[in-house]
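Student: One structure, as structure tokens, below. Some questions next.
Residue numbers (the working numbering), protein chains in the order written: chain A, -19 to 224; chain B, 11 to 357.
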């Protein structure tokens, strides 16, 4: 991953946001509701075409590419609102990513093994043969991550994978995200849970009203006046800033 | 096997996977030699042709969930392509290939614009295409326009030869359908049926997969039309029953998989068999209201058993199993049974 830059102009949801995501880092994106975080992901993943600006993947212009083509180039996303194939088993859901991702494993048996391996990583191997419809929300969130992982992508866009989960589940997902990075993947991470973002991200970008408000290391962001005003709120009596 | 196909699940668990269909195929193949009345052979032939069209529709309508009312287009074009080739002195094999080729070409012409539409909009567009093609064919002079087209094939007419070619084509259609349902192509089609966008984000390009599924389905429907044309020796594009481009043909082709069980391998075969036999009798006894009776049948099935005959069979089989096992170990099965239902609901 050499770099990724975006510019926008005239779009209400995103107004000229530019940034780079260095290789093998976890880059967090935070901001109030409606700040444009999910829109940003949709544009990068090819679901929405930007009105202006460019997306570069390893220096190559991929603006407006089809989502499926981007997956084959090594870019996969999860959905904030989970979208499992409910009438398929968990294993089949994941196998799809193995078959049609960058690895493109054609043989059913090999793909099955690979999918099983991914399920083991996210801790869903016990549920492999259940229908995805029968999973709890936490499990469905993990399935989202598993599917993205299964594509073999080295840039993962994780959109609120901890949203609506309890603290144990959140911890498990954060550990998973860190282990993914440890294997050399790059991660773009949107989350509302400040503790989660601050604990695992190498860099944090703050969005507000479709614009970049601040960018830097988590510690810097926590001290940034503009960010505190727009999003974090003033710490009361020295307690750690925590906003949901 | 976890990635197993739901439809063969029933057969496998009852200890008959590929064996029973093969046995049936051999039996049907030699039936004319043992002795089969001309009338029954005609009925069987017609049923085989319907089953081919039913299985074909299910590939794009059932597996991929793209409900098309436009299969009369491929059926009719296959019939006309075969008719022209036979009249030009080509042998039946070439005629069938030509029919498949014409239908594939048409499938791309229809699919490239219409697959940009989703759900109901796609279905409506296919109705428009059917009507447009019917009107064009009714005014095309070199195929006789609305007055129809006669086929002159050299050599003696052998009913059993027609019967066997239809039977083998049906076997081919079912084999293709079964292969697709087991393959990763089939898995991708099921994903597209459930959520196109999510499928795209896993590397499946829904547009091209739909186009290919459509092309395979069209080729088989074209072959069905070719079989029909070669047997009947006369085809016309009329809107009434018997006309190959009739809107009612498109409805019939859609109805069969619905009766049998959409999105399964054996549902459309079952639906086609029931429809083929009932249709021949219905047309004879109630020529005026047979379409009304289909409509009634369709409503009943959608209301009572959206999984069609396969759904009913599954239920009966489950009941039978539960009695035998006295409710032991039914949990795992429930999940599998549930799958067909979930998918069926999405039509």
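C-beta atoms are modelled at their ideal positions from N, C-alpha and C, and glycine is treated no differently. Keep in mind that this is a model prediction, so the values were computed, not measured.
Any Cβ of chain A within less than 7 angstroms of the Cβ of residue 318 of chain B?
Tutor: By this cut-off, residue 318 of chain B is not an interface position.
Student: Give the residues of chain A in contact with residue 246 of chain B, contact being defined as C-beta atoms less than 7 angstroms apart.
Tutor: Those within 7 angstroms of residue 246 of chain B in chain A number zero; the least Cβ separation is about 42 angstroms.
Student: Assuming contact is defined by CB atoms lying nearer than 7 angstroms, are residue 132 of chain B and residue 231 of chain B in contact in what I supplied?
Tutor: Their beta carbons are not under 7 angstroms apart, which means residue 132 of chain B does not touch residue 231 of chain B by this criterion.
Student: What residues from chain B crowd round residue 51 of chain A, counting only those whose CB sits closer than 7 angstroms?
Tutor: What residue 51 of chain A touches in chain B: 211, 212 and 213.
Student: May I ask you to check if the CB of residue 13 of chain A is nearer than 6 angstroms to at least one heavy atom of the ligand SAM?
Tutor: This structure lacks the ligand SAM, and indeed carries no ligand of any kind.
Student: Pull up the DSSP beta-bridge partners for residue 9 of chain A, would you.
Tutor: Partner(s): A:170 and A:185.
Student: Can you give the Cα-Cα distance for residue 91 of chain A and residue 171 of chain B, rounded to whole angstroms?
Tutor: Distance between the alpha carbons of residue 91 of chain A and residue 171 of chain B is about 44 angstroms.
Student: By how many angstroms is the C-alpha of residue -3 of chain A removed from the C-alpha of residue 130 of chain B?
Tutor: For residue 130 of chain B and residue -3 of chain A, the distance between alpha carbons rounds to 38 angstroms.
Student: In the DSSP assignment, find the beta strand (DSSP E) that holds residue 60 of chain A and state where it starts and stops.
Tutor: Note, residue 60 of chain A: premise wrong, no beta strand (DSSP E); not H, not E.
Student: Among residues of its own chain, excluding the 5 on either side of residue 209 of chain B, which ones have a beta-carbon nearer than 6 angstroms to its beta-carbon?
Tutor: 201, 202 and 216.
Student: Counting only Cβ pairs nearer than 7 angstroms, list the residues of chain B close to residue 178 of chain A.
Tutor: Under the 7 angstroms cutoff, chain B gives no residues; its nearest Cβ is about 28 angstroms from residue 178 of chain A.
Student: Taking only the alpha-carbon atoms, compute the straight-line gap between residue 118 of chain A and residue 84 of chain A and give it to the nearest angstrom.
Tutor: Cα-Cα distance, rounded: 28 angstroms.
Student: What are the complete alpha helix (DSSP H) segments, minimum 4 residues, inside the region 44 to 91 of chain B?
Tutor: Counting whole runs of 4 or more residues, the region 44 to 91 of chain B contains the alpha helix (DSSP H) stretches 48 to 68.
Student: As a quick exercise: from B:93, B:269 and B:328, pick the residue whose alpha carbon is nearest that of residue 316 of chain B.
Tutor: Comparing Cα positions, the closest option is B:269.
Student: What is the DSSP secondary structure of residue 193 of chain A, reduced to helix, strand or coil?
Tutor: Correct three-state label for residue 193 of chain A: strand.
Student: Measuring only between beta-carbons, confirm whether residue -4 of chain A sits less than 7 angstroms from chain B.
Tutor: So, not an interface residue.
Student: With a cut-off of 8 angstroms on the beta carbons, I'd call residue 255 of chain B and residue 120 of chain B a contact; round off their distance for me.
Tutor: Between residue 120 of chain B and residue 255 of chain B the Cβ distance is about 13 angstroms, and since that is not below 8 angstroms, they are no contact.
Student: For residue 81 of chain A, return the contacting residues in chain B, with the cut-off set at a CB-CB distance below 9 angstroms.
Tutor: Those are 212 and 213, listed as they occur along chain B.
Student: Counting C-beta neighbours from all protein chains within 10 Å, is the total for residue 164 of chain B 16 or more, i.e. buried, or is it exposed?
Tutor: Label assigned to residue 164 of chain B: exposed.
Student: Going by DSSP, what residue range makes up the alpha helix (DSSP H) through residue 138 of chain A?
Tutor: No alpha helix (DSSP H) contains residue 138 of chain A, which is instead part of the beta strand (DSSP E) from 135 to 139.
Student: Which same chain residues, not among the five before or five after residue 148 of chain B, have their C-beta less than 7 angstroms away from its C-beta?
Tutor: Cβ within range, chain order: 155, 156 and 247.
Student: What do you get for residue 139 of chain A, buried or exposed, if any count of 16 or more other CB atoms within 10 angstroms of its CB means buried?
Tutor: It is buried - the Cβ of residue 139 of chain A has at least 16 other Cβ atoms within 10 Å.
Student: Return the residue from the list B:304, B:198, B:102 and B:55 that minimises the CA-CA distance to residue 72 of chain A.
Tutor: Cα-wise, what sits closest to residue 72 of chain A is B:198.
Student: Along the chain, where does the alpha helix (DSSP H) that runs through residue 217 of chain B open and close?
Tutor: From DSSP, the alpha helix (DSSP H) with residue 217 of chain B extends over 216 to 242.
Student: Could you name the residues of the region 194 to 210 of chain A whose beta carbon sits closer than 9 angstroms to any beta carbon of chain B, in the order they occur along the chain?
Tutor: Those residues of the region 194 to 210 of chain A that come within reach of chain B (Cβ to Cβ, closer than 9 angstroms) do not exist; the list is empty.
Student: In three-state DSSP terms, what is residue 41 of chain A?
Tutor: DSSP places residue 41 of chain A in strand when its eight states are reduced to three.
Student: In chain order, what residues of the same chain have a beta carbon less than 6 angstroms from the beta carbon of residue 280 of chain B, not counting five sequence neighbours either side?
Tutor: These residues qualify, in order along the chain: 270 and 319.
Student: Please name the residues in the region 26 to 46 of chain A whose beta-carbon is closer than 7 angstroms to at least one beta-carbon of chain B, in chain order.
Tutor: Answer set for the region 26 to 46 of chain A: 27 and 46.
Student: Starting from residue 163 of chain B, follow the alpha helix (DSSP H) in both directions and report where the run begins and ends.
Tutor: That residue, residue 163 of chain B, is in no alpha helix (DSSP H); it is neither H nor E in DSSP.
Student: Do the CB positions of residue 142 of chain A and residue 108 of chain A come within less than 7 angstroms of each other?
Tutor: Contact: no.
Student: Report back the beta-carbon spacing between residue 166 of chain A and residue 56 of chain A to the nearest angstrom; my notes put them in contact at under 8 angstroms.
Tutor: Contact flag wrong, Cβ pair sits at about 11 angstroms.
Student: Using DSSP with H/G/I as helix, E/B as strand and the rest coil, what is residue 124 of chain B?
Tutor: Helix, per DSSP.
Student: With a 10 Å radius around its C-beta and 16 neighbouring C-beta atoms as the bar for buried, classify residue 207 of chain A as buried or exposed.
Tutor: Classification for residue 207 of chain A: buried.
Student: I need the straight-line Cα distance from residue 54 of chain B to residue 152 of chain B, nearest angstrom please.
Tutor: Those two C-alpha atoms are separated by around 32 angstroms.
Student: Does residue 334 of chain B come out as helix, strand or coil in the three-state DSSP assignment?
Tutor: If DSSP states are grouped into helix, strand and coil, residue 334 of chain B belongs with the helices.
Student: Within 10 Å of its beta-carbon, does residue 43 of chain B have 16 or more other beta-carbons around it, so buried, or fewer, so exposed?
Tutor: Answer is exposed; the Cβ neighbour count stays below 16.
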